[in-house]
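Q: In the working numbering, the protein residues as written are 24 to 201.
The structure under discussion is supplied below as structure tokens; questions concerning it will follow.
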Ligand code: IMP
Ligand code: MG
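Right under this line is the structure:
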């Protein structure tokens, strides 16, 4: 068990189970992209460990770009405006694979997808470590998902609780408060 701030977490997915699922996902990607040269866009911060383990098992040519999907308050708009920061590779006519830690409501990915399509990407697919299908609020086509989990808050293997806990090699789930 680990404690982060006010919450206790218990082990949920071991690093060995994670490694097996990441390897299986890499096998699928290797089959689908063997003759292609996609750009992998790794969404910071959460996906950095997943991406590091994944790309070391990829056998096709690819470029890696790290990007952050950040919000800022637009000067005139009332709503929140978000943009992908750090994208310096021209993705026009390129195959793109978004590498993300977790899809929860799906809102983040449903906003990232059109920004990449608008930049002229030939194809855009999502490769995600974890998905909580029970929480999906928008239609989203996630072609590559390593693991599906129930609607619970998790940390470790890159995922954080309030900025902490990314360093744990296993994935932990929050303990329900008694
Ligand atoms: P969505 O837009 O609701 O799909 O949220 C996706 C983002 O929320 C992810 O990129 C994570 O940063 C964060 N997130 C969602 N669920 C969890 C969780 O269980 N633990 C840690 N971060 C999470
Ligand atoms: Mg994230």
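Yeah, the Cβ is synthetic: ideal placement off N, Cα and C, and Gly gets one too.
What I want to know is whether the C-beta of residue 82 ends up closer than 7 Å to one or more non-hydrogen atoms of the ligand IMP.
A: no
Q: Less than 8 Å separating the beta-carbons of residue 159 and residue 170?
A: no
Q: Could you tell me which uninterrupted beta strand (DSSP E) segments, each at least 3 residues in length, are contained entirely in the segment 69-113, listed from first to last along the chain?
A: 86-96 and 103-108
Q: With a threshold of 7 Å (Cβ to nearest heavy atom), would residue 33 be considered close to the ligand IMP?
A: False, no ligand heavy atom lies under 7 Å from that Cβ.
Q: Please report the residue range of the alpha helix (DSSP H) in which residue 141 lies.
A: 130-141
Q: Among 53, 32, 40 and 31, which one has its Cα closest to the Cα of residue 167?
A: For residue 167, the nearest C-alpha among the options comes from 53.
Q: Thinking residue 41 and residue 180 are a contact (beta carbons under 8 Å), I'd like their distance in whole angstroms, please.
A: 6 Å
Q: Could you spell out where the beta strand (DSSP E) holding residue 172 opens and where it closes?
A: Looking at the DSSP string, residue 172 is not in any beta strand (DSSP E), and its letter there is neither H nor E.
Q: Nearer than 7 Å: is that true of the beta carbon of residue 129 relative to any heavy atom of the ligand IMP?
A: yes
Q: In terms of residues, what are the limits of the alpha helix (DSSP H) holding residue 39?
A: Annotation for residue 39: the continuous alpha helix (DSSP H) segment containing it runs 38-56.
Q: Can you tell me whether residue 231 sits near the ligand IMP, meaning its C-beta is under 7 Å from at least one heavy atom of the ligand?
A: Nothing about residue 231 can be reported from this structure: the residues present for the chain run from 24 to 201 only.
Q: List the endpoints of the continuous beta strand (DSSP E) containing residue 24.
A: From DSSP, residue 24 is part of no beta strand (DSSP E); its letter is neither H nor E.
Q: Just reading off the beta strand (DSSP E) that residue 153 is part of, what are its end residues?
A: 146-154
Q: Taking residue 123 as part of the beta strand (DSSP E), name the residues at either end of that continuous run.
A: 118-126
Q: Any idea if residue 64 is buried or exposed, counting beta-carbon neighbours within 10 angstroms, 16 or more meaning buried?
A: buried
Q: On a CA-only basis, which of 72, 139 and 46 is nearest residue 80? Give me that one, please.
A: 46
Q: If you draw a straight line from the C-alpha of residue 173 to the C-alpha of residue 156, how long is it?
A: 7 Å
Q: Determine, using beta carbons only, whether residue 145 and residue 113 come nearer to each other than 8 Å.
A: no
Q: From which residue to which residue does the beta strand (DSSP E) around residue 67 run?
A: Element bounds for residue 67: 62-67.
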